[in-house]
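Written out below as structure tokens is the structure these notes cover.
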Amino acid sequence: MAGNLKKLMIVDDSEIDREILEEILKDDFAVVKAASGFAAMEMLVNKAETIDGLLLDVSMPVMDGFMVLQMMEENDITDIPVFMITAEGTKDNIIKAARYNVKNFIVKPFDAKEVLQRLRTFFNIAAAPITPNSQTSDEYHQDAYSDMQTYIRTLQKVYIAYLKNNNMDYSHYERVTNIVKILMSQYVINEKLRDINNDNIDVISKASFFIDIGYMAIPDKILSSTSRTQEETSMYRKHTELGGKLITMNRAPSCRYFVRVCSDMCIHHHERYNGTGYPHSLKYQENSDITQIVRIADLFDKIFFSYGSHGDEQFDMAMTEIASDEGSCKPTLVNLCKNCKSKIMIYYKKLAITSKIKM
Numbered sequence: 002m003a004g005n006l007k008k009l010m011i012v013d014d015s016e017i018d019r020e021i022l023e024e025i026l027k028d029d030f031a032v033v034k035a036a037s038g039f040a041a042m043e044m045l046v047n048k049a050e051t052i053d054g055l056l057l058d059v060s061m062p063v064m065d066g067f068m069v070l071q072m073m074e075e076n077d078i079t080d081i082p083v084f085m086i087t088a089e090g091t092k093d094n095i096i097k098a099a100r101y102n103v104k105n106f107i108v109k110p111f112d113a114k115e116v117l118q119r120l121r122t123f124f125n126i127a128a129a130p131i132t133p134n135s136q137t138s139d140e141y142h143q144d145a146y147s148d149m150q151t152y153i154r155t156l157q158k159v160y161i162a163y164l165k166n167n168n169m170d171y172s173h174y175e176r177v178t179n180i181v182k183i184l185m186s187q188y189v190i191n192e193k194l195r196d197i198n199n200d201n202i203d204v205i206s207k208a209s210f211f212i213d214i215g216y217m218a219i220p221d222k223i224l225s226s227t228s229r230t231q232e233e234t235s236m237y238r239k240h241t242e243l244g245g246k247l248i249t250m251n252r253a254p255s256c257r258y259f260v261r262v263c264s265d266m267c268i269h270h271h272e273r274y275n276g277t278g279y280p281h282s283l284k285y286q287e288n289s290d291i292t293q294i295v296r297i298a299d300l301f302d303k304i305f306f307s308y309g310s311h312g313d314e315q316f317d318m319a320m321t322e323i324a325s326d327e328g329s330c331k332p333t334l335v336n337l338c339k340n341c342k343s344k345i346m347i348y349y350k351k352l353a354i355t356s357k358i359k360m
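Position 353 (the sequence shown) corresponds to 354 in this note's numbering; numbering is contiguous.
Structure (structure tokens):
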């Protein structure tokens, strides 16, 4: 079956966008990727791959999408249908595209169903028709939830690759995700909240994995420095707001809830309860309980894993350290974490079975 699939080349300088498109297309098409116009032209000119279609980003550094189209024409590569990727199909772009073999525009942020429908239609690939009249509201919800989960998995894949390449411990964020899920589940029960369901808790916990994604926009020299200057410290602290901006670049309706909670976590997980944190010096209830819970999970795991062993005694020591830092965290949420000790320790003990954690 795989050998019969049409092969599409994704040309985009954004790794995240390349991964998202591949995730959308992989069941219906074979995919090759190029991170620049130059890389795409090298493959096309050398005929390294038989390409049935090109998904080409308009805006790329050095050689943009229209320069690629011009070079394709100069090299007599005019038989490959092109779909332009753009944040907006401006009149100028449409006029330029009309000169080349451009079949359609694919708009960012990507709508998975729209992208697949356009490409399936063009390549005459059959798919079971899904219309609004044939779907219940529950099915609509599940489709949107599925699209959001696809985006989260793709973003996580890119972020983990970044952390590994920079010798940073991504397992910390995996543990934070699980601790947040435990704390949020109990928090919803304690507060008798009806507007946060299990799906919401799942998204909130997965969003906490990305609290430091703003590191991707900070120079490596500053991240790795153990003695930062005042200017470097100021730059380092910008990872909060930069992370929020990165997350809010996704404007897809299906990801709206994830974007809202995740961007807030990114921006405000270094805020202290007494208002002495950064970047906005939020005080008391100005910072959401959800983000404050994520802050506690982040602090707890870092402290807990700074010890040689990771048992009940170390749990109590970590919680004592957090509680003794007056003004750092909301007292009722610190108590929430203390009261979830048995569930958190069960999680760590299960983790120890499959890893080298010393209990």
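Note that CB positions come from ideal geometry on N, CA and C, so glycine has one too.
This structure is a prediction, so every number in the text was calculated from the model and none was measured.
The segment 159 to 168 in contact with the segment 323 to 343 per 3-pair CB rule at 8 Å: With a cut-off of 8 Å on Cβ pairs, the segment 159 to 168 is not in contact with the segment 323 to 343, counting fewer than three such pairs.
Rounded separation between LEU156 and ILE107 - CA only: Distance between the alpha carbons of LEU156 and ILE107: 20 Å.
Among ASP18, LYS350, ASP148, VAL83, the one whose alpha carbon lies nearest that of PHE259: Measuring from the Cα of PHE259, the nearest candidate turns out to be ASP148.
Neighbourhood of GLY245 by C-beta, 8 Å cutoff - its chain only, sequence neighbours within 5 removed: Only GLY215, SER264, ASP265, CYS267, ILE268 meet the Cβ criterion.
Euclidean distance between Cα positions of ASP29 and LEU6: The straight-line gap from Cα to Cα measures roughly 7 Å.
Three-state class that DSSP yields for LEU6 in the structure shown: DSSP, reduced to helix, strand and coil, places LEU6 outside both helices and strands of the structure shown, so it counts as coil.
Cβ-heavy atom distance, ASP200 to the ligand NAD, below 7 Å: Among the components of this structure there are no ligands whatsoever, and the ligand NAD is therefore not found.
Per DSSP, cross-strand counterpart(s) of VAL108: THR87.
Alpha-carbon spacing of THR122 relative to ASN251, whole angstroms: C-alpha separation (whole angstroms): 26 Å.
Inter-stretch contact at 8 Å, needing at least 3 Cβ pairs: the segment 334 to 349 / the segment 210 to 228: In short, these stretches do not touch, since the Cβ pair count stays below three.
Residue range of the unbroken beta strand (DSSP E) whose run includes GLY54: For GLY54, the enclosing beta strand (DSSP E) stretches over residues 54 to 58.
Proximal residues to ASN179 (C-beta, below 6 Å), its chain only, five neighbours per side dropped: The beta carbon of ASN179 sits closer than 6 Å to those of TYR348, all from its chain and outside the five residues before and after it, given in chain order.
Beta-bridge pairing of ALA35 - partner residues as DSSP gives them: In the DSSP assignment, the residues bridged to ALA35 are VAL12.
First and last residue of the uninterrupted alpha helix (DSSP H) at ARG121: The continuous alpha helix (DSSP H) containing ARG121 extends over residues 113 to 123.
Proximity below 8 Å, CB of PHE316 to CB of LYS342: Contact: yes.
Terminal residues of the alpha helix (DSSP H) in which GLY245 lies: Looking at the DSSP string, the run of the alpha helix (DSSP H) that includes GLY245 is 240 to 249.
Cutoff 8 Å; reference ARG119; Cβ partners in own chain excluding five residues on either side: Once the five neighbours on either side are set aside, the close Cβ partners of ARG119 are PHE84, ASN105, ILE107.
The segment 59 to 70 contacting the segment 287 to 298, beta-carbon criterion three pairs below 8 Å: Because the criterion of three Cβ pairs below 8 Å is not met, the segment 59 to 70 and the segment 287 to 298 do not touch.
Residue closest to ALA162, alpha-carbon to alpha-carbon, out of ILE17, SER37, ASN125: The residue from ILE17, SER37, ASN125 with its alpha-carbon nearest to that of ALA162 is ILE17.
Burial state of GLU272, where buried means 16 or more other Cβ atoms lie within 10 Å: With 16 or more other Cβ atoms from the protein chains shown falling within 10 Å of its own Cβ, GLU272 counts as buried.
6 Å Cβ shell around ARG176 - same chain, five flanking residues per side excluded: Taking C-beta separations shorter than 6 Å and ignoring five residues to either side along the sequence, the partners of ARG176 in its chain run ASP302, following chain order.
Counted within 10 angstroms of its Cβ, other Cβ atoms place ASP196 as buried (16 or more) or exposed: ASP196 should be labelled exposed.
Classification of GLU20 by the beta-carbon crowding that lies within 10 angstroms, buried from 16 upward: With 16 or more Cβ atoms within 10 Å of its Cβ, GLU20 is classed as buried.
For ASN288, the three-state DSSP class (helix, strand or coil): Correct three-state label for ASN288: coil.
Per-residue DSSP class, three states only, for ILE347: DSSP places ILE347 in helix when its eight states are reduced to three.
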